[in-house]
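In our numbering, the protein residues as written are 22 to 66. Where is the CB? At the ideal position from N, CA and C, for every residue including glycine. On a predicted model such as this, the values are computed, not experimentally measured, just so you know. Scroll down for the structure; my scribbles are underneath it.
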């Protein structure tokens with residue numbers, strides 16, 4: 022997965038704050054890795 026922003030909840034502050042999630046591999050071990058050049062982003066309608 023590409024890096025992305027996430028709204029993380031902090032119970033001590035009772036507030037959400039944006040944090041950066043680093044790039045990482047997702048899925049089961051041994052699964053094929055998709056070519057990121059073939060991925061398409063779909064925007065809301």
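- Inter-residue distance for residue 58 and residue 65 is about 21 Å (C-alpha atoms, whole angstroms).
- According to the DSSP assignment, residue 39 belongs to the beta strand (DSSP E) that extends over 36-42.
- Cα atoms of residue 31 and residue 40: separation of roughly 11 Å, rounded to the nearest angstrom.
- Nearest Cα to residue 37 within the set 28, 49, 53 and 50: 28.
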